[in-house]
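Worksheet: the structure to be examined is printed underneath.
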Amino acid sequence: MWLKIFMGIIASSGVLLMGFSIFGKKKHFDNMPISFTFNLFELIFDLIYNFSPTLIKRLLAFLIGLVTSLIFIMGIIYS
Numbered sequence: 140m141w142l143k144i145f146m147g148i149i150a151s152s153g154v155l156l157m158g159f160s161i162f163g164k165k166k167h168f169d170n171m172p173i174s175f176t177f178n179l180f181e182l183i184f185d186l187i188y189n190f191s192p193t194l195i196k197r198l199l200a201f202l203i204g205l206v207t208s209l210i211f212i213m214g215i216i217y218s
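Going by my numbering, the first residue of the sequence shown is number 140, and it counts up by one from there.
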């Protein structure tokens with residue numbers, strides 16, 4: 140039961156990230172700090188995110204929210 144609640148919270152945070160990427164203000168979106176570099180993939184993502192225009196940042200945030208919410212909704216369905 141607690142696993143489903145935890146997955147539901149994470150899935151709803153993915154939906155909130157998708158909503159923020161669509162309806163968020165440009166000023167707040169550009170000042171959102173992201174810096175995590177533990178491996179090569181995260182370093183490349185961090186560089187793309189930091190040096191891209193706002194439209195690409197919004198698209199990346201929307202895709203991350205979509206993938207997160209889909210994965211955890213499937214986890215709720217199958218658990």
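The beta carbon of each residue, even a glycine, is placed where N, CA and C say it ideally should be.
Let me know the secondary structure DSSP gives M171 once reduced to three states.
In the sequence shown, residue 171 corresponds to position 32, counting from 1. It is coil, neither helix nor strand.
Excluding the five sequence neighbours on either side, which residues of its own chain have a C-beta within less than 7 Å of the C-beta of R197, listed in chain order?
Numbered from 1 along the sequence shown, position 58 holds the residue referred to as residue 197. For R197, where only same-chain residues beyond five positions count, the Cβ hits under 7 Å are S160, F168.
How close, in whole Å, do the beta carbons of K165 and T193 come, if the pair is a contact with beta carbons under 8 Å?
To locate residue 165, count along the sequence shown from 1; it is residue 26. To locate residue 193, count along the sequence shown from 1; it is residue 54. Contact flag correct, Cβ pair sits at about 6 Å.
In terms of residue numbering, what span does the alpha helix (DSSP H) encompassing F162 cover?
Walking along the sequence shown from the start, residue 162 turns up at place 23. It spans 141-162 - the alpha helix (DSSP H) in which F162 sits, taken as one unbroken run.
For F180, which of helix, strand or coil comes out of DSSP?
The residue labelled residue 180 in the question sits at position 41 within the sequence shown. The answer is helix: DSSP assigns F180 an H, G or I state.
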